[in-house]
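Take 0 as the starting number for the sequence shown in numbering that gives the first Met the number 0 and just add one per residue.
Ideal placement from N, C-alpha and C gives every residue a C-beta, glycine not left out.
Reading through the structure tokens given below for one structure.
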Amino acid sequence: MKPAVLVTKRIYPEAIEYLKAHAEVDYVNSDDGLPADELLARISGKQAVVSQLTDKFTPTVLDQLDGVRVIANVAVGFDNIDVAAATRHKILVTNTPDVLTDTTADFAFALLMAAARRVVEGHHFVHSGQWTKWRIDLLVGQDVHHRTLGIFGMGRIGQAVARRGRGFEMRILYHDAMRAPEAVERETGAELVSAERLLSESDFVSLHVPLLPETRHMIGAEQLRRMKPTAILVNTSRGPVVDEAALATALAEHVIAGAGIDVFENEPRVHPGLLKLDNVVLAPHIASASVDTRRKMSMMAVENAVAALEGRRPANLLNAELWAGDGRV
Ligand code: DGY
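As structure tokens, this is what we get:
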């Protein structure tokens, strides 16, 4: 008998086809997401779940899963899953790294450029018929080239952003609990500095940390005050890394010059203060949203799920301690 898999939300069709060749698939072909009680009911009898970042696998939810062998998240971030609790229940958890690194870094840079050079304001200006004459200081913004780019979190995506910054001949500072490989520092010219130095010396601050208890509200009123009044904050990591209310106040009071924000504390809700401002570019959590990358993420997740169901080690296993050499422990 084929194993049973729940796919909690719409993914790319080729991933569903692949799954169907290996499993009985219960496909929630919708973008709505299941409320917690329905999620639990639909998981009942399944051995695998292909989940998305809106599905919350809290310890309470995980306590109630019976017979699930793997949760394959279609995202590199996995703060929606309590991996420690999953590990206690011997449930494998996988994510989709690498395939989205460059796409996400491209978008971080797109937000940085758009906020610095006021692209969205320019679009609205033209679109609304306000453009009547050329003016010496019309929509003047901040230069990007040769400025200082500060990166919090020098993992895969942070490094890819550093490479892009290098292309713009920027000076790169970074802050991370772990030093980046020497080769990366050499290639990008990135210098490891304290959080305080990064905030006070950078013209652009880009966030690439995972959401953890210690990174929640890592950027709040105090950190924003340390930044230059001309500085721009970019967030493509997770919303709660930034205190959104503090950011709205800082932007309204011109404590910093601007921001480019793709992720929010209570998605899809956005702090009303941010919606009123011109000096912030807002996007609906689309940093990894290129056609190719979203297809690859879908495929990677289902391949992880099938590998686990077939007793093979999934390529992107997060709780590696559940795998001892030749098989599951
Ligand atoms: C991720 O992968 O974690 C993104 O936030 C969604 O693509």
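> Is DSSP giving I42 helix, strand or coil here?
Replying inline: Stepping through the sequence shown from its first residue, residue 42 is reached at position 43. Residue state for I42 is assigned as helix, using DSSP reduced to three classes.
> Residue ranges of each beta strand (DSSP E) run of no fewer than 3 residues wholly in the segment 17-105, ordered along the chain?
Replying inline: 23-26, 47-50, 69-72, 91-93
> Can you name the residues that DSSP bridges to T147?
Replying inline: Translated into positions along the sequence shown, residue 147 becomes position 148. R170.
> CB of V143 to nearest heavy atom of the ligand DGY: below 7 Å?
Replying inline: The residue you call residue 143 lines up with position 144 of the sequence shown. Every heavy atom of the ligand DGY is 7 Å or more from the Cβ of V143, so no.
>> Considering only the alpha carbon of each residue, which of V241, N234, G324 lies closest to P212?
In response: Position 213 of the sequence shown, counted from the first residue, corresponds to residue 212. Taking only the C-alpha atoms, the option nearest P212 is V241.
> Are the Cβ atoms of A286 and T103 separated by less than 8 Å?
Replying inline: Locating residue 286 in the sequence shown gives position 287, counting from the first residue. Locating residue 103 in the sequence shown gives position 104, counting from the first residue. Going by C-beta atoms, A286 is nearer than 8 Å to T103.
> Which residues bound the beta strand (DSSP E) around A258?
Replying inline: Locating residue 258 in the sequence shown gives position 259, where the first residue counts as 1. Looking at the DSSP string, the run of the beta strand (DSSP E) that includes A258 is 257-260.
> CB of H284 to nearest heavy atom of the ligand DGY: below 7 Å?
Replying inline: In the sequence shown, counting from the first residue as 1, residue 284 sits at position 285. It does: the Cβ of H284 is within 7 Å (strictly closer) of some heavy atom of the ligand DGY.
>> Applying the 10 Å Cβ sphere with the 16-neighbour rule, what's the burial state of H144?
In response: Position 145 of the sequence shown, counting from 1, holds the residue named residue 144. By the 10 Å Cβ count, H144 comes out exposed.
> Anyone know if the C-beta pair for V4 and V49 falls short of 8 Å?
Replying inline: On the sequence shown, position 5 is the one that residue 4 refers to. On the sequence shown, position 50 is the one that residue 49 refers to. Yes, these two residues count as a Cβ contact at 8 Å.
> If S205 and I150 are in contact, beta carbons under 8 Å, what's the gap, nearest whole angstrom?
Replying inline: Numbered from 1 along the sequence shown, position 206 holds the residue referred to as residue 205. Numbered from 1 along the sequence shown, position 151 holds the residue referred to as residue 150. Yes, S205 and I150 are in contact; Cβ-Cβ is about 5 Å, under 8 Å.
>> Is any non-hydrogen atom of the ligand DGY found closer than 7 Å to the C-beta of V75, if you look at the structure I gave you?
In response: Position 76 of the sequence shown, counted from the start, is the residue given in the question as residue 75. The answer is yes for V75.
> Since F124 is in the alpha helix (DSSP H), which residue starts that stretch and which ends it?
Replying inline: As a first step, residue 124 is located in the sequence shown; it is residue number 125 there, counting from the start. Boundaries of the alpha helix (DSSP H) around F124: 118-126.
>> With DSSP as the reference, identify every bridge partner of G324, one or two as the case may be.
In response: The residue you call residue 324 lines up with position 325 of the sequence shown. Answer by DSSP bridge pairing: none, since G324 is not bridged.
>> Among L91, F56, L38, whose alpha-carbon lies nearest the alpha-carbon of R311?
In response: If you number the sequence shown from 1, residue 311 lands on position 312. Residue L91 is the option with its Cα nearest to R311.
>> If distances are taken between C-alpha atoms only, which option among T7, A40, F106 comes closest to T53?
In response: Along the sequence shown, read from residue 1 onward, the residue named residue 53 stands at position 54. Considering only alpha carbons, the answer is T7.
>> Which residues does DSSP list as the beta-bridge partners of A3?
In response: For this step, residue 3 is matched to residue 4 along the sequence shown. Answer by DSSP bridge pairing, in chain order: E23.
> Taking the alpha carbon of A109 as the point to measure from, which residue in D291, F167, Q46, L138 has its own alpha carbon closest?
Replying inline: The residue given as residue 109 occupies position 110 in the sequence shown. Considering only alpha carbons, the answer is F167.
> Are the beta-carbon atoms of Y17 and V290 separated by less than 8 Å?
Replying inline: The residue labelled residue 17 in the question sits at position 18 within the sequence shown. The residue labelled residue 290 in the question sits at position 291 within the sequence shown. No.
> Among L99, T100, D62, which one has its Cα closest to the Cα of V82?
Replying inline: The count along the sequence shown starts at 1 and reaches residue 82 at position 83. Nearest option by C-alpha distance: D62.
> Where DSSP assigns a beta bridge to F203, which residues make up the other side?
Replying inline: Here residue 203 refers to the residue found at position 204 of the sequence shown. Paired residue(s): L148, I231.
>> By the three-class DSSP mapping on this structure, what secondary structure does E213 have?
In response: Here residue 213 is taken as the residue at index 214 of the sequence shown, counted from 1. In the structure shown, E213 sits in coil (DSSP, three-state: anything other than H, G, I, E or B).
> For E195, which option in G219, E184, R185, R215 has the closest C-alpha, if you only look at C-alpha atoms?
Replying inline: The sequence position of residue 195 within the sequence shown is 196, counting from 1. Ranking the options by Cα distance to E195, first place goes to G219.
> Among the residues of its own chain, which have a CB less than 8 Å from the CB of I231, if the five just before and after it don't count?
Replying inline: One-based indexing of the sequence shown puts residue 231 at position 232. Answer for I231: L111, A114, A115, Q141, D202, F203, V204, I255, A256, G257, A258, G259, listed in chain order.
> Are the beta-carbon atoms of H270 and E309 separated by less than 8 Å?
Replying inline: Within the sequence shown, the letter at position 271 stands for residue 270. Within the sequence shown, the letter at position 310 stands for residue 309. No, the pair does not count as a contact, with Cβ atoms beyond the cut-off.
>> Measuring only the C-alpha atoms, how far is G152 from I171?
In response: The residue you call residue 152 lines up with position 153 of the sequence shown. The residue you call residue 171 lines up with position 172 of the sequence shown. Rounded to the nearest angstrom, the two C-alpha atoms are 13 Å apart.
>> Cutting at 6 Å between CB atoms, please list the residues of its own chain near M226, excluding the five before and the five after it.
In response: Residue 226 sits at position 227 when you count from the first residue of the sequence shown. Cβ neighbours of M226 beyond the five flanking positions: L198, I255.
> Which residues share a DSSP beta bridge with N265?
Replying inline: The sequence position of residue 265 within the sequence shown is 266, counting from 1. Bridge partners of N265: R268.
>> Just to confirm my understanding: we take P58, look at its own chain, exclude 5 residues before and 5 after, and list those with CB closer than 6 Å. What are they?
In response: As a working mapping, residue 58 is identified with position 59 in the sequence shown. The answer, listed in chain order, is D81, A84.
> In the DSSP assignment, what residue or residues form a beta bridge with L316?
Replying inline: In the sequence shown, the residue the question calls residue 316 occupies position 317. Under DSSP, L316 shares a beta bridge with T93.
> Is the closest heavy atom of the ligand DGY to the C-beta of S287 under 7 Å?
Replying inline: Walking along the sequence shown from the start, residue 287 turns up at place 288. Yes, since a heavy atom of the ligand DGY falls inside the 7 Å radius drawn around the Cβ of S287.
>> Quick check: the Cα distance between L33 and L39, rounded to an integer number of angstroms?
In response: Here residue 33 corresponds to residue number 34 of the sequence shown, with the count starting at 1. Here residue 39 corresponds to residue number 40 of the sequence shown, with the count starting at 1. Taking the straight line joining both Cα atoms gives about 9 Å.
> Leaving out five residues before and five after N315 in sequence, what residues of the same chain have Cβ atoms less than 8 Å from its Cβ?
Replying inline: Translated into positions along the sequence shown, residue 315 becomes position 316. Around N315: T93, N94, T95, P96, M299, N303.
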